[in-house]
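Protein chains in written order, with this note's numbering: chain A, 14 to 350; chain B, 14 to 350; chain C, 14 to 350. Cβ coordinates follow ideal geometry from the N, Cα and C atoms, glycine included. For reference, the structure discussed in these notes is given below.
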Amino acid sequence: MKRFLDLADFSREEILDLLALARRLEEHPEPRALAGKILGLVFFNPSLRTLSSFQVGMMRLGGQSFVITPGQGTWQLETRTGAIMNGAAAEHVREGLPVLASYADALGIRAFAEGKDLRHDLAETNFKAMSSVVDKPLINLESAMNHPCQALADWKTLEDLRVPQRAKFVLTWANHPRVTPLAVPAATVHMAAQRGMEVVVLRPEGFALPPEIMDKARAAAAASGGSVRETNDRSEALNGAHVVYAKEWGSTTHYGDSVGDATLRAGLTDWCVRENWFSKSASDCKFMHCLPVRRNVAVADEVLDGPRSVVQREAHNRLPAQMAVLHRMLSNGGAER
Amino acid sequence: MKRFLDLADFSREEILDLLALARRLEEHPEPRALAGKILGLVFFNPSLRTLSSFQVGMMRLGGQSFVITPGQGTWQLETRTGAIMNGAAAEHVREGLPVLASYADALGIRAFAEGKDLRHDLAETNFKAMSSVVDKPLINLESAMNHPCQALADWKTLEDLRVPQRAKFVLTWANHPRVTPLAVPAATVHMAAQRGMEVVVLRPEGFALPPEIMDKARAAAAASGGSVRETNDRSEALNGAHVVYAKEWGSTTHYGDSVGDATLRAGLTDWCVRENWFSKSASDCKFMHCLPVRRNVAVADEVLDGPRSVVQREAHNRLPAQMAVLHRMLSNGGAER
Amino acid sequence: MKRFLDLADFSREEILDLLALARRLEEHPEPRALAGKILGLVFFNPSLRTLSSFQVGMMRLGGQSFVITPGQGTWQLETRTGAIMNGAAAEHVREGLPVLASYADALGIRAFAEGKDLRHDLAETNFKAMSSVVDKPLINLESAMNHPCQALADWKTLEDLRVPQRAKFVLTWANHPRVTPLAVPAATVHMAAQRGMEVVVLRPEGFALPPEIMDKARAAAAASGGSVRETNDRSEALNGAHVVYAKEWGSTTHYGDSVGDATLRAGLTDWCVRENWFSKSASDCKFMHCLPVRRNVAVADEVLDGPRSVVQREAHNRLPAQMAVLHRMLSNGGAER
């Protein structure tokens, strides 16, 4: 595997193979599989799970890693092509990233959406400007519109919990004090569709996912036998749900307009997932969230601390899922296999 | 050992055993003792010695570590139970810490006192909110009222220097431009008492240590045959002292009141330890300080650069002392023993 | 090797030996040469290449490292002797650095020029205050007036490209939005002179390198058979050039005067290296820059993206060049040799 940028680059069977490898590494650790291999991790944005689980994943496989945080200990990096660099950025990604790639055996890059221009972000303009100058194996640690590592871990969580392939999977919008990106909802709706689930996107007016995201998920559903639809009818959406996956995201009708977005969400404080949301769901309906989560704004304590929450398992699954990616990407197929 | 949170959780003999292990590791390195073991280090506050010595300690024992700094590269974390998280913190410790614990074999956490409410800080409210959600081995890297790693290193320093068990140990307040926490004075007075020393706390009016701290130290002294008293009479305190341990801390009568504290300490600029403080001490009286120290505010250059200062030995002893803790906590008792 | 602080501390032959070791390590990796060895890296200033290449260099040789960034996760450190520390710095380098040295097998320190007083910076006052308290092997990761790791990598690049020893090497000033230090131009002019090249420093009025820097380079040229001169005549300088090395630096006639410096450089926007600069150079004239570089301010895209640019090779050479230094400094000459 040369690049892990988007689950859509892989067939359903290839994903299931990766998850089988993840499970094998859980059961049969390979503490020398990546001996001598070095992963460079570049974080343009904050991280807790990604930052720690990739470092630990390399360690558990016998490899090593280093972390670069532009703007914190390292120069701010420019991504725009042709920029006249007389501002805050001291270096361009066209210089910085190939240098890091030349030191490492693989790179991972996190760069959130700019959140100004939906076209720009949907096109993954910034991430593509970066990936195009890296000639080593590359992992998307969350880009403007994707978070494949989270999606892979979430798929593993669904398998671990033996959630039926055709089960009803509700991705629901949740409130947040600020505008947040579309990366996780986009990756999640696609993942559930690619797994073959009955996917319902539940969101208030003004927060519909862009057609490009919905169409991509529908294409995945068509291939896997699943379905994807959207609604703003909470009761209908939750009826019979096997999984409720909550995520905060910014208004798509007011993209780049933080005042308009704030006006919209001011009336949406009831989009905090509470236990009474689950009255019409399946009796053992699971609650998922990628974390970080703002307690009692997006999700109530009672849900996060209750028995249906599997957020810790999701977060933990980042480790074995990513170890499978790293193993597939960097292992020599050496003595340990 | 499952937790290393407070020297008071261990008997005097258990501490001496730990120090013997520290010495053994100095003389007979075990570079594979913690092979495959991973320590997660979470720093809510700045660090130099703790940050570097724990990383190096793991390396010297063949293990590895990773560092998480909430607010710098990682989300700010909320600690309050039941908080409605619409402020700066994007994640709650109830989510973040169990995730990190699930990746690692042990965690260390540093979280200083809030410095607003003495009851809150004395109760270790924040640290307990964190330790209660971590089910892996846990090390206190300095909490509101404790710094057991520093205390263990200081105890080792006293042993290294063959300071008699019953020697006079003076913990003296020292000046500082700002309010600083009670963690080190609380840990130090307890450590010296538990070791069985004649402990005198020398401090100006307004800076008496809280009764809870003094009572805990007196209980330790009662068990070890030592004693603990306090005074504001510098001459009497220093008379015959074998060790002077300087530390800055905030006013306890004006806790949480930085203006009142500043007014108090404005008249206390002579609480900068100088060589003439030692005229009535034992001839080879040692000078200790946990570092960092503000030269010529808390302690004069002449003392820090002079022959009685053992601050470098104290700081270096962080490494073997903590290696003993890590070894006791994480070693399999494998081939190296 | 106990210290790597300045190429001038080594003979031309010793440098060539180091470069031969660098090449040997490229061709015959020694993944256990520094097993058990730990490098402490202290960064008072931002870094991308130095930060990552030293970590990777230790990893590739089987060693390990840790990073300390004063002011970011670690206390701000004071360097002035005799300071009354009632400001922002919580700790003095006289305490902090010996502590770090006592944990590690070697230290690297980066501390840029203060940029206020040219005498102070030329004397390396701050770096000497630090190096004087470190009794372990020490590497200069860039000081006020030196950057020996960059110079060594650049020398290696010249060898890799088989640039003739006596070739014409033009160090040209380039524009930048702000004042930047003299460390790289000082190290570069000395390196090229020590290699025996025909060195021309091309710079506008107000940006002449200080006599101390030029005299040191001329002494090196005298020993190696090279030459060093300076000019503000771009056409003459570039005529027949085999290598053009661009670097931004602050005005030396207005050192410490950012307004005066800005006034000077306002009229110098044509000091952005463009392809038409090379019309009179040798046909395969190479373009060098240490990075980071501000595109279209210091150097045009067309040069950086064109075939004469060797900036990626320079940056990559940081790794093998520094691995040679680390190997010479820390290797036991053990089983791998």
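* Where V241(A) sits in the DSSP three-state scheme -> strand
* To do: For H133(C), return the contacting residues in chain A, with the cut-off set at a CB-CB distance below 9 Å.
  => Result: empty, since nearest Cβ-Cβ is about 24 Å, beyond 9 Å.
* Asked: Leaving out five residues before and five after K181(C) in sequence, what residues of the same chain have Cβ atoms less than 6 Å from its Cβ?
  -> E211, G253, A254 and H255
* To do: Output the boundary residues of the alpha helix (DSSP H) element that contains I28(C).
  => R25 to E40
* Asked: So the alpha helix (DSSP H) N139(C) belongs to, where does it begin and stop?
  -> T138 to S144
* Proximal chain A residues relative to M336(B), where beta-carbon distance stays under 7 Å -> What M336(B) touches in chain A: nothing, since even the nearest Cβ is about 19 Å away.
* Exposure label - F129(C); buried when at least 16 CB within 10 Å -> Looking at the sequence shown, residue 129(C) is not Phe but Lys. When all chains shown are included, K129(C) counts as exposed.
* **Sequence-distant residues of its chain with Cβ nearer than 7 Å to E26(A) (five each side left out)** => none
* Contact with chain A by G319(B), beta-carbon distance below 8 Å -> no
* Asked: Mind pulling the beta strand (DSSP E) runs of 3 or more residues that sit fully within the stretch 216–277 of chain B?
  -> 240–244 and 256–261
* Say whether chain A places a C-beta atom closer than 8 Å to the C-beta of T92(C). => no
* Does the beta-carbon distance from G209(B) to R231(B) come in below 8 Å? -> no
* Asked: Just to confirm, are N159(B) and A221(B) a CB contact at a threshold of 8 Å?
  -> no
* To do: Say whether chain B places a C-beta atom closer than 8 Å to the C-beta of N345(C).
  => no
* Asked: In chain A, what lies closer than 7 Å to Q163(C) by C-beta?
  -> Here the premise fails: no neighbours, minimum Cβ distance about 13 Å.
* Asked: Can you name the residues of chain A whose CB is closer than 8 Å to the CB of Q89(C)?
  -> Residues of chain A passing the Cβ test: none, with the nearest at roughly 14 Å.
* Asked: Is it true that the stretch 124–138 of chain B meets the stretch 315–325 of chain B, where meeting means three or more beta-carbon pairs spaced less than 8 Å apart?
  -> no
* **Chain-ordered chain C contacts of V324(B) [CB-CB under 7 Å]** => E108
* To do: Could you check the C-alpha separation between V312(A) and G86(B) for me, to the nearest Å?
  => 24 Å
* **Contacts of F56(A) in chain B (Cβ-Cβ under 8 Å)** => G86
* To do: For S145(B), decide whether its Cβ has a neighbour in chain C, counting only Cβ atoms nearer than 8 Å.
  => no
* Asked: Quick one: Cα of G70(B) to Cα of D148(C), how far?
  -> 20 Å
* Asked: Which word fits G100(C), buried or exposed, when buried means at least 16 other C-beta atoms lie within 10 angstroms of its C-beta?
  -> exposed
* Going by the beta-carbon positions, is the gap between C64(C) and A337(C) smaller than 8 Å? -> What sits at residue 64(C) in the sequence shown is Leu, not Cys. Against a cut-off of 8 Å, the Cβ pair of A337(C) and L64(C) comes out as no contact.
* Which residue from S292(A), L110(A) and T266(A) puts its Cα closest to that of S144(A)? -> L110(A)
* Given D22(A), which residues of its chain have a CB within under 8 Å of its CB, disregarding the five upstream and five downstream residues? -> R16
* Would the beta-carbon of V286(A) fall within 8 Å of that of A259(A)? -> yes
* Taking DSSP as the reference, what is the three-state secondary structure of P161(A)? -> helix
* Residues of the stretch 47–79 of chain A with a CB closer than 8 Å to any CB of chain C: list them in chain order, please. => G49, I51, G53, Q77 and F79
* Mind checking G238(C): buried by the 16 CB within 10 Å criterion, or exposed? -> exposed
* To do: Find out if the Cβ-Cβ distance for the pair A117(C), S156(C) is shorter than 8 Å.
  => no
* Closer than 9 Å at the beta carbon, the chain C residues around V306(B) -> M98, A103, E104, H105 and E108
* Verify the CB distance criterion: does E349(A) have a CB-CB separation below 8 Å to chain C? => Since pLDDT at E349(A) reaches only 37, below the 50 mark, its modelled position is unreliable, and the value read off the structure follows with that caveat. False, the Cβ-Cβ gap to chain C never drops below 8 Å.
* Where K181(B) sits in the DSSP three-state scheme -> strand
* At a Cβ threshold of 8 Å, is P190(C) touching chain A? -> yes
* Asked: Cβ atoms of T193(C) and W262(C): under 8 Å apart, would you say?
  -> yes
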